[in-house]
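Asks: I am attaching a structure below and will ask some questions about it afterwards.
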Amino acid sequence: MNMQEKEKKNKELLEEVEKLKRQVKTLKSRKKYGLVWEEEKEPEQIVLDCQVKIPILKEVKLKEIITDKEKPVNILIEGDNYHALSVLNYTHKKKIDVIYIDPPYNTGAKDWKYNNNYVDINDLYRHSKWLGMMSKRLWLAKNLLKEDGILVCTIDHNELDTLGLLLKEIFSTKEITCVTIVHNPSGIQGLNFSHNNEYAYFVYSSGKRSIAFEERSEEDADIRLFMNTAKGKTTNYLRKSGYNCFYPILIKEGKIIGFDDVVKKDYHPKSPNIKRKDGVIEIYPIDSEGVERKWVFARDSVEDVIEELSVKFNTKKGIFEIIRTKRNINYKTVWIGNKFNAKNYGTMLLANIINKKFPFPKSLYAVMECIKACIHDKNESIILDFFAGSGTTGNAVLELNKEDDGKRKFILCTNNEDNNGDGAKIASDICYPRIMNVIKGYIGFLDKKQHNGLGGNLRYFKTELLDIEHISHVSDEQKIKLTYQAGDMIALREGTFEEVEKNEWWQIFKDGTKYTAVYFKEDKKKLNELVKKLSKLKEKVILYIFSWGKNEYKNEFTDYKNVRVEDIPEPIIDVYKEVNRLG
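Note that my numbering gives residue 489 to position 465 of the sequence shown, counting from 1, and the numbers run on in steps of one.
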């Protein structure tokens, strides 16, 4: 071996030593407890690429669906969800009310890809890859939720425990509840058990009511006596344990007409029903053995539930009783019912809408129920699904809007990979046609019936990547290029989708209530012309002006009351720097 070869060999050995030192340092710096996984073995290439490529959005005009300009605009983003979430960190930070996701379950059956390769059961790092993939996206998703926003994430037994730990780590201040949903009554046969359920983690604000009441039909309502009927050694159900819960409920002609005051402690009614001379009957919480009990609600709060109370005549006892019918109750942590059946209302429903197969689509009604539990009476909320797949979440939001004439909006993000190797692309051939048919109406491929359209609007975007040197140093030339390419992103951010003008100097969008303008150039000789043009508008205007820094033009156009100024592109770059830090 000559001297040159020895030097080369020594250099390679020194580089290997340095590499090992770095690995040791990394291992020493890792946490020693909690959820730990191997991230360094095979980093996710999509995440690494975002250090030298900036995600942007481009609208596909040919795929827009407009049926009623009075209805909200929904969004479908085709592309990797990491790129989509990166963009949404600029356009929708703290704007999302509900995130519903159904990520790959990591069953080992090649149901998802990592670095363009399917992850199968023989991959020794499949759990680490899954956790790494989920962690990066959940951190980005967290930024999008409002303070009272709720995340719902479905999963099966394969990653149930690890997902729970991951959610606790990322959403450490939130409350987390796991709901069991029986979605496959016949079950999938395992070696020892037949699995007929999956799970949904709800992540929500603690210390207050965050989850809505479940609305039940009359047939499924919780119906029981309004009198406390508890028994046993405890005396908590007796009058003496709460005198303010012993008062007459007044009825006439079989209807409740009011509530009288709490009676004096030394007054003891001789009967549960006492009829007055004016025909009014006083109903007391006294059982068949003459024991003085309590109403479930005290006198000062009973009127809050008067809509739930009714009168029933007990023919056996010969007395009137007060019944409470609770149609709005707390959701239980096990959901059972035909509407959750994923075959009938997932697979078959999808086939009826678009005549396509998709692996394991969710029951439409299971998704609707999850969203209902999160939105209370918010009929203008925004729901995001960044594992949108066949588009069930979008379908669910449209159905909910139909129920109460709501104005909820959805944002769906999904890739456009080949679905099951049959040539159909997920975004363009599965998700988009489904949403289009549900909006416009269709004749069922299976039932041959006409299904009326639910109405609504949709804008279709694709993610694209803009090459840069590095996110830590974006050149002036690249900043200018980003500004020219950012129009559709800004339109999405402001909700102004209709382009009304574009030239080499500026671009203008509008909706029914406001305008958005983007001034592209460092050269400001045309800026005043644009501002004067915008100031003549009656509507509110948001003007994005190219600048090398931030806040350069914030106070320059204060005389124009309808114009608000924003900088570009530096705020976008700052968002992507933070995205890369989290990634």
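Using N, Cα and C, we set each Cβ at its ideal position, and we do this for glycine too.
Is I70 closer than 8 Å to D104 when the C-beta atoms are compared?
Replies: For the purposes of this step, residue 104 is taken as the residue at position 80 of the sequence shown. For the purposes of this step, residue 70 is taken as the residue at position 46 of the sequence shown. Yes. Within cutoff.
Asks: If you measure between the beta carbons of L262 and R317, is that distance less than 8 Å?
Replies: Counting from 1 along the sequence shown, the entry for residue 262 is found at position 238. Counting from 1 along the sequence shown, the entry for residue 317 is found at position 293. Yes. Within cutoff.
Asks: To the nearest whole angstrom, what separates the beta carbons of G430 and T91, a pair I think is in contact under 8 Å?
Replies: Taking the first residue of the sequence shown as 1, we reach residue 430 at position 406. Taking the first residue of the sequence shown as 1, we reach residue 91 at position 67. Contact doesn't hold; Cβ gap of about 16 Å is too wide.
Asks: Who does D246 pair with in a DSSP beta bridge?
Replies: For the purposes of this step, residue 246 is identified with residue 222 of the sequence shown, where counting begins at 1. K350, per the DSSP bridge assignment.
Asks: Between the alpha carbons of K526 and E580, how many angstroms are there, rounded?
Replies: The sequence position of residue 526 within the sequence shown is 502, counting from 1. The sequence position of residue 580 within the sequence shown is 556, counting from 1. One C-alpha to the other measures close to 23 Å.
Asks: Can you name, in chain order, every residue of its own chain whose Cβ lies under 7 Å from the Cβ of N604, other than the five neighbours on each side?
Replies: Position 580 of the sequence shown holds residue 604. Counting only Cβ-Cβ distances below 7 Å, and skipping sequence neighbours, we find C74, Q75, I495.
Asks: Below 8 Å between beta carbons: does that hold for L506 and Y539?
Replies: Within the sequence shown, numbered from 1, the residue matching residue 506 stands at position 482. Within the sequence shown, numbered from 1, the residue matching residue 539 stands at position 515. No. Outside cutoff.
Asks: Between which two residues does the beta strand (DSSP E) containing Y271 stretch?
Replies: Within the sequence shown, numbered from 1, the residue matching residue 271 stands at position 247. First-last for Y271: undefined, no H or E at that position.
Asks: Residues in the same chain with beta-carbon distance under 6 Å from E523, minus the five sequence neighbours each way, listed in chain order, please.
Replies: Here residue 523 refers to the residue found at position 499 when the sequence shown is read from its first residue. Within the same chain, E523 has close Cβ partners F533.
Asks: With a cut-off of 8 Å, do at least 3 Cβ pairs link the region 77 to 86 to the region 470 to 479?
Replies: no
Asks: Within the same chain, show all residues whose beta-carbon is closer than 6 Å to that of G173, passing over the 5 residues directly before and after it, in chain order.
Replies: Numbered from 1 along the sequence shown, position 149 holds the residue referred to as residue 173. I120, D121, listed in sequence order.
Asks: Can you list the alpha helix (DSSP H) stretches of 4 or more residues lying completely in the region 158 to 226, in chain order?
Replies: 184 to 194
Asks: Apply the 10 Å Cβ neighbour rule to W499 and answer buried if 16 or more other Cβ atoms are within range, or exposed otherwise.
Replies: Position 475 of the sequence shown holds residue 499. According to the sequence as given, residue 499 is Ser; it is not Trp. Under this definition S499 is an exposed residue.
Asks: Look up Q474 in the DSSP assignment and say whether it is helix, strand or coil.
Replies: As a first step, residue 474 must be located in the sequence shown, where it is residue number 450. Of the three classes helix, strand and coil, the one that applies to Q474 here is strand, per DSSP.
Asks: I need the boundaries of the beta strand (DSSP E) containing D591, first residue and last residue.
Replies: Counting from 1 along the sequence shown, the entry for residue 591 is found at position 567. Here the beta strand (DSSP E) through D591 covers 587 to 592.
Asks: Thinking just about the alpha-carbon of each residue, which of F344, L422, W319 is nearest to the one in A254?
Replies: On the sequence shown, position 230 is the one that residue 254 refers to. Nearest of F344, L422, W319 to A254, Cα basis: W319.
Asks: Looking at the structure shown, is C74 part of a helix, part of a strand, or coil, going by DSSP?
Replies: Residue mapping note: residue 74 aligns to position 50 of the sequence shown, counting from 1. Coil.
Asks: Along the alpha helix (DSSP H) that carries Y456, what are the first and last residues, could you check?
Replies: Counted from its first residue, the sequence shown places residue 456 at position 432. Start and end: 456 to 464.
Asks: Using C-beta distances below 8 Å, list every residue in its chain close to K56, excluding the 5 sequence neighbours before and after it, in chain order.
Replies: Indexing the sequence shown from 1 puts residue 56 at position 32. At K56, the pLDDT of 49 sits below 50, so the modelled position is not reliable; the number obtained from the coordinates is stated separately. Contacts found: none.
Asks: Would you call the CB atoms of R483 and I123 closer than 8 Å?
Replies: Counted from its first residue, the sequence shown places residue 483 at position 459. Counted from its first residue, the sequence shown places residue 123 at position 99. Going by C-beta atoms, R483 is not nearer than 8 Å to I123.
Asks: When the Cα atoms are used, what is the spatial distance from E563 to N586?
Replies: Residue numbering aside, residue 563 sits at position 539 when the sequence shown is read from its first letter. Residue numbering aside, residue 586 sits at position 562 when the sequence shown is read from its first letter. Their Cα atoms are separated by approximately 7 Å.
Asks: Would you check if the region 198 to 207 and the region 355 to 363 touch, i.e. whether three or more CB-CB distances between them fall below 8 Å?
Replies: As far as the Cβ criterion goes, the region 355 to 363 touches the region 198 to 207, which means the pair count is three or higher.
Asks: Tell me which residues share the same chain as K93 and place their Cβ nearer than 8 Å to its Cβ, disregarding the 5 neighbours each side in the sequence.
Replies: Position 69 of the sequence shown, counted from the start, is the residue given in the question as residue 93. The answer, listed in chain order, is N481, G536.
Asks: Just the Cα atoms here: how many angstroms apart are L489 and D512?
Replies: Looking up residue 489 in the sequence shown gives position 465. Looking up residue 512 in the sequence shown gives position 488. Going by the C-alpha atoms only, they are around 14 Å apart.
Asks: When you compare only the Cα positions, how much space is there between N552 and E528?
Replies: Within the sequence shown, the letter at position 528 stands for residue 552. Within the sequence shown, the letter at position 504 stands for residue 528. So the alpha carbons of these two residues sit roughly 15 Å apart.
Asks: Taking just the CA atoms, how far does G214 sit from G445?
Replies: Within the sequence shown, the letter at position 421 stands for residue 445. Within the sequence shown, the letter at position 190 stands for residue 214. A straight line joining the alpha-carbon of G445 with that of G214 spans about 26 Å.
Asks: Would you report the Cα separation of M27 and L37, rounded to the nearest angstrom?
Replies: Position 3 of the sequence shown holds residue 27. Position 13 of the sequence shown holds residue 37. Near 15 Å, if we compare the C-alpha coordinates of L37 and M27.
Asks: Of all the options A515, A224, D328, V462, which has the alpha carbon lying nearest to the alpha carbon of I566?
Replies: For this step, residue 566 is matched to residue 542 along the sequence shown. Nearest of A515, A224, D328, V462 to I566, Cα basis: A515.
Asks: Can you confirm whether the region 223 to 230 touches the region 322 to 342 when touching is taken to mean that 3 or more C-beta pairs between the two stretches lie within less than 8 Å?
Replies: no
Asks: By alpha-carbon positions, which one of K276, G303, I307 ends up nearest to V286?
Replies: The count along the sequence shown starts at 1 and reaches residue 286 at position 262. The shortest Cα separation from V286 among K276, G303, I307 belongs to I307.
Asks: Would you report the Cα separation of I212 and K341, rounded to the nearest angstrom?
Replies: For the purposes of this step, residue 212 is taken as the residue at position 188 of the sequence shown. For the purposes of this step, residue 341 is taken as the residue at position 317 of the sequence shown. Each residue's alpha carbon lies about 50 Å from the other.
Asks: Buried or exposed: which applies to P272, given that a residue is buried once 16 or more other Cβ atoms fall within 10 Å of its Cβ?
Replies: Position 248 of the sequence shown, counted from the start, is the residue given in the question as residue 272. P272 should be labelled buried.
Asks: Counting along the chain, where does the beta strand (DSSP E) carrying D409 start and finish?
Replies: Start at 1 with the first residue of the sequence shown, and residue 409 comes out as number 385. That run of the beta strand (DSSP E) goes 406 to 409.
Asks: How is V335 classed by DSSP in three states: helix, strand or coil?
Replies: Mapped onto the sequence shown, residue 335 falls at position 311. In this structure, V335 counts as strand in the three-state DSSP scheme.
Asks: Are the CB atoms of L189 and I179 within a distance shorter than 8 Å?
Replies: Within the sequence shown, the letter at position 155 stands for residue 179. Within the sequence shown, the letter at position 165 stands for residue 189. Cβ atoms of I179 and L189: not closer than 8 Å.
Asks: Please report the distance separating the alpha-carbon of D442 from that of K367.
Replies: Stepping through the sequence shown from its first residue, residue 442 is reached at position 418. Stepping through the sequence shown from its first residue, residue 367 is reached at position 343. Distance between the alpha carbons of D442 and K367 is about 22 Å.
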